[in-house]
């Protein structure tokens, strides 16, 4: 199976709060799990990525948590800011990646 | 340093016409990807090339779609004949290689295609 399921579709968070987006995959052969951020009118850009040999990766306010046995991974945005308002895509794969449907995140000022 | 370049940025055409989208990948990147983005279907991989060779075209919707990469610095995606359901934003992306840790994909600004 090649699907990557992402939730929620949309999310509203107060400034300073924690934004959490979840993804689940089916193919146990996948070995690369990136998150992309897309602003309106722009192409997606890599935000952070993880390989399955670690359970967590943190870059600044952004953290990926990875649960290999459950085939799930999530993005946490700490101290969310209005500038974080964008669409976030999880993805999974190896030589090619399959994208989730995206989460529209809006941070209230 | 120039990123991925796509042209045109916007294209409006009538049903039945041929449409050609163009992409110049980042210099030194040897993998190139074409995606289609719609509200309903999200971001779909259409085809990807490695070292100018098509590796996986399983996402190409039907025979009306074709893609070429004649050299390392240029690729085209052609739709002939175009239909209204082809209306979408088409992205080209390139990466240094197709496997980790060099497989970060850099996306172009996209071409917004409207077929009337």
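Protein chains in written order, with the working numbering: chain A, 837 to 945; chain B, 44 to 159. We put the CB at the ideal spot given by N, CA and C, even for glycine. Being a predicted model, the structure only gives us computed values, none of them experimental.
Taking 7 Å as the limit between beta carbons, can you name the residues of its chain near residue 81(B), skipping five residues before and five after? Locating residue 81(B) in the second chain gives position 38, where the first residue counts as 1. The answer, listed in chain order, is 131.
Taking residue 153(B) as the reference, which of 86(B), 60(B), 61(B) and 73(B) has the closest Cα? In the second chain, residue 153(B) corresponds to position 110, counting from 1. Looking at the Cα atoms, 86(B) is the closest of the given residues.
Pull up the CB-CB distance for residue 915(A) and residue 897(A), whole angstroms please, since I reckon it's below 8 Å. Position 79 of the first chain, counted from the first residue, corresponds to residue 915(A). Position 61 of the first chain, counted from the first residue, corresponds to residue 897(A). Right, their Cβ atoms sit about 6 Å apart.
With DSSP as the reference, identify every bridge partner of residue 53(B), one or two as the case may be. Looking up residue 53(B) in the second chain gives position 10. 155(B), per the DSSP bridge assignment.
State the DSSP-derived secondary structure class of residue 128(B), mapped to helix, strand or coil. The count along the second chain starts at 1 and reaches residue 128(B) at position 85. Helix.
Beta strand (DSSP E) containing residue 99(B): first to last residue? Taking the first residue of the second chain as position 1, residue 99(B) is located at position 56. Run containing residue 99(B): 96 to 99, per the beta strand (DSSP E) assignment.
Contact set between the region 57 to 74 of chain B and chain D, restricted to residues whose Cβ is under 9 Å from the partner: This model lacks chain D altogether, as its protein chains are A and B.
Does DSSP classify residue 85(B) as helix, strand or coil? Walking along the second chain from the start, residue 85(B) turns up at place 42. Judged by DSSP in its simplified three-state form, residue 85(B) adopts strand.
Would you mind reading off the limits of the beta strand (DSSP E) that contains residue 925(A)? Mapped onto the first chain, residue 925(A) falls at position 89. Counting along the chain, the unbroken beta strand (DSSP E) around residue 925(A) starts and ends at 922 to 929.
Looking at the secondary structure, which residues open and close the beta strand (DSSP E) in which residue 63(B) lies? The residue labelled residue 63(B) in the question sits at position 20 within the second chain. Its beta strand (DSSP E) spans residues 62 to 67.
Decide yes or no for the touch test of the region 849 to 866 of chain A against the region 117 to 133 of chain B: beta carbon pairs closer than 8 Å, at least 3 of them. Result no; under three Cβ-Cβ pairs closer than 8 Å.
Can the beta-carbon of residue 149(B) be found closer than 9 Å to that of residue 69(B)? The residue labelled residue 149(B) in the question sits at position 106 within the second chain. The residue labelled residue 69(B) in the question sits at position 26 within the second chain. Result yes, Cβ atoms of residue 149(B) and residue 69(B) sit closer than 9 Å.
With 16 as the cutoff for other CB atoms within 10 Å, does residue 53(B) come out buried or exposed? Within the second chain, the letter at position 10 stands for residue 53(B). With fewer than 16 other Cβ atoms within 10 Å, it is exposed.
Looking at residue 89(B) and residue 102(B), is the spacing between their C-beta atoms short of 9 Å? Position 59 of the second chain, counting from 1, holds the residue named residue 102(B). Position 46 of the second chain, counting from 1, holds the residue named residue 89(B). With contacts defined by Cβ atoms closer than 9 Å, residue 102(B) and residue 89(B) form a contacting pair.
By DSSP's criteria, residue 895(A) is part of a beta bridge. Which residues make up the other side? Looking up residue 895(A) in the first chain gives position 59. In the DSSP output, where bridge partners are listed per residue, residue 895(A) has 898(A).
CA-CA distance, residue 933(A) and residue 945(A)? Within the first chain, the letter at position 97 stands for residue 933(A). Within the first chain, the letter at position 109 stands for residue 945(A). Looking at the two C-alpha atoms, the distance is approximately 34 Å.
Could you spell out where the beta strand (DSSP E) holding residue 935(A) opens and where it closes? Sequence index remark: in the first chain, residue 935(A) carries index 99 (1-based). 933 to 935 is the span of the beta strand (DSSP E), which, as asked, contains residue 935(A).
Give me whichever residues DSSP pairs with residue 79(B) in a beta bridge. Taking the second chain and counting its residues from 1, the one referred to as residue 79(B) is at position 36. Answer by DSSP bridge pairing, in chain order: 87(B) and 133(B).
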